[in-house]
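Numbering (the numbering used here), first residue to last: 94 to 354. The beta carbon of each residue, even a glycine, is placed where N, CA and C say it ideally should be. Report on the following structure.
What follows is the structure in structure tokens.
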């Protein structure tokens, strides 16, 4: 019988709480590990500090999310390739097996031009999985803007490994079951969340939106998925700490239930 799928917590799920509070919550609430979102919190970008948090809370770091957001353009310098090399360094130091990375923004022309080949080169150089995440078109009213290059949909590109985020598939108007089937063995990493299909990237608790989160989890596990499942939800609207923890516990229970074999 295969080992049960691990369910880990993205440190972004406790924002505006700190990276340290993400580790503490994951350990206390019963998660199996942590994905470090490298961001504007200085601790998130400090390899020594992350190693100390992992050791203190006895929480393995399963993945490192490279600093790819608009607000993190100066984290680990301004060179996007340098950020990805540094992400691999952190992953090796803390024992993570995956680096999650977004496709470039369209205005990062040089970076985007060689991105697909560059990701393959990084995997060969560092011996680690770089799982490129599905994104979505940016929409304002009836207008749609393609913000990512070579594209927001990793299925269309020749990446060896992909992260499938169900909040992003909701925003894009996609079907994660069809996406997983199209990806096959290239599906390496999952961000479990939910959405209502709006133009906003919602990162709702799985089961509260319109994405087939439960069916998706059970299907990919039955199909042999052996990667990491990471809860990446938005708890910013929680009224207090107890409500935030209830949200994190609900997401964990839902994911464990549907990812069990």
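Outcome for residue 115 when other beta-carbon atoms lying within 10 angstroms are tallied against a minimum of 16: Here the question's residue 115 lines up with position 22 in the chain shown. A residue is called buried once 16 or more other Cβ atoms fall within 10 Å of its Cβ, and residue 115 is buried on that count.
- request: Check whether the Cβ atoms of residue 225 and residue 196 lie closer than 8 Å to each other.
  value: By one-based count along the chain shown, residue 225 stands at place 132. By one-based count along the chain shown, residue 196 stands at place 103. In this structure, the beta-carbon distance from residue 225 to residue 196 falls below 8 Å.
field: Paired residues, beta bridge with residue 183 - DSSP
entry: Stepping through the chain shown from its first residue, residue 183 is reached at position 90. Per DSSP, none; premise fails for residue 183.
- prompt: Mapping DSSP to helix, strand and coil, what is residue 77?
  reply: The first residue shown for the chain is 94 and the last is 354, placing residue 77 beyond what the model contains.
Anticipated Cβ contact below 8 Å, residue 325 with residue 103, distance rounded: Here residue 325 is taken as the residue at index 232 of the chain shown, counted from 1. Here residue 103 is taken as the residue at index 10 of the chain shown, counted from 1. Confirmed, Cβ separation roughly 4 Å.
message: If you measure between the beta carbons of residue 269 and residue 304, is that distance less than 8 Å?
response: Along the chain shown, one-based indexing puts residue 269 at 176. Along the chain shown, one-based indexing puts residue 304 at 211. Yes, the pair counts as a contact, with Cβ atoms nearer than the cut-off.
query: Is the closest heavy atom of the ligand COA to the C-beta of residue 344 under 7 Å?
result: What this structure holds is no ligand at all, so the ligand COA is not there to describe.
message: Rounded to whole angstroms, what is the Cα-Cα separation between residue 163 and residue 121?
response: Counting from 1 along the chain shown, the entry for residue 163 is found at position 70. Counting from 1 along the chain shown, the entry for residue 121 is found at position 28. Distance between the alpha carbons of residue 163 and residue 121: 31 Å.
message: At 3 residues or longer, what runs of the beta strand (DSSP E) sit wholly inside the stretch 94-173?
response: List check, beta strand (DSSP E) in window: 100-103, 126-130 and 154-158.
Minimum length 3: unbroken beta strand (DSSP E) runs contained in the stretch 244-291: The stretch 244-291 contains these whole beta strand (DSSP E) runs: 255-258 and 280-285.
field: residue 151 burial status per 10 Å Cβ neighbour count (16 or more: buried)
entry: The residue labelled residue 151 in the question sits at position 58 within the chain shown. It is exposed - the Cβ of residue 151 has fewer than 16 other Cβ atoms within 10 Å.
- prompt: Do residue 289 and residue 302 have their C-beta atoms within less than 8 Å of each other?
  reply: By 1-based counting over the chain shown, the position of residue 289 is 196. By 1-based counting over the chain shown, the position of residue 302 is 209. Yes.
query: Under 8 Å, do residue 261 and residue 321 count as touching if we go by C-beta distance?
result: As a working note, residue 261 is residue 168 in the chain shown. As a working note, residue 321 is residue 228 in the chain shown. At least 8 Å separates the beta-carbon of residue 261 from that of residue 321.
Nearest-angstrom Cα separation, counted from residue 131 out to residue 108: As a working note, residue 108 is residue 15 in the chain shown. As a working note, residue 131 is residue 38 in the chain shown. Take the alpha-carbon of residue 108 and the one of residue 131: they are about 12 Å apart.
query: How many whole angstroms separate the CB atoms of residue 314 and residue 280, which I take to be in contact at a CB cut-off of 8 Å?
result: Position 221 of the chain shown, counting from 1, holds the residue named residue 314. Position 187 of the chain shown, counting from 1, holds the residue named residue 280. No, residue 314 and residue 280 are not in contact; Cβ-Cβ is about 11 Å, not under 8 Å.
- prompt: If residue 101 sits next to residue 127, beta carbons under 8 Å apart, how far is it from one beta carbon to the other, in whole angstroms?
  reply: As a position in the chain shown, residue 101 is number 8, starting the count at 1. As a position in the chain shown, residue 127 is number 34, starting the count at 1. With a Cβ gap of about 6 Å, residue 101 and residue 127 count as contacting.
message: Could you compute how far the alpha carbon of residue 140 sits from the alpha carbon of residue 258?
response: Counting from 1 along the chain shown, the entry for residue 140 is found at position 47. Counting from 1 along the chain shown, the entry for residue 258 is found at position 165. Going by the C-alpha atoms only, they are around 25 Å apart.
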